[in-house]
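Residue numbers (my numbering): 17 to 70. What follows is one structure encoded as structure tokens, with my remarks underneath.
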């Protein structure tokens, strides 16, 4: 997939479709004690923290 392309302002890059549940879940995501709960924001490994040189 090495085809070059250019993103333009206002261009759609993804579309999400939400489907209704057929039944109520037995447990909600936040009630499961996931390790991802309350971890905060973090940059992807592909980025470095930016510091402004003023």
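Backbone N, C-alpha and C define an ideal beta-carbon position, used for all residues, glycine too.
Your pair residue 57 and residue 65 does not check out as a contact, with CB atoms roughly 12 Å apart and the cut at 8 Å. Between the C-alpha atoms of residue 54 and residue 46 there is a straight-line separation of about 10 Å. Going by C-alpha positions, residue 62 is about 35 Å away from residue 36.
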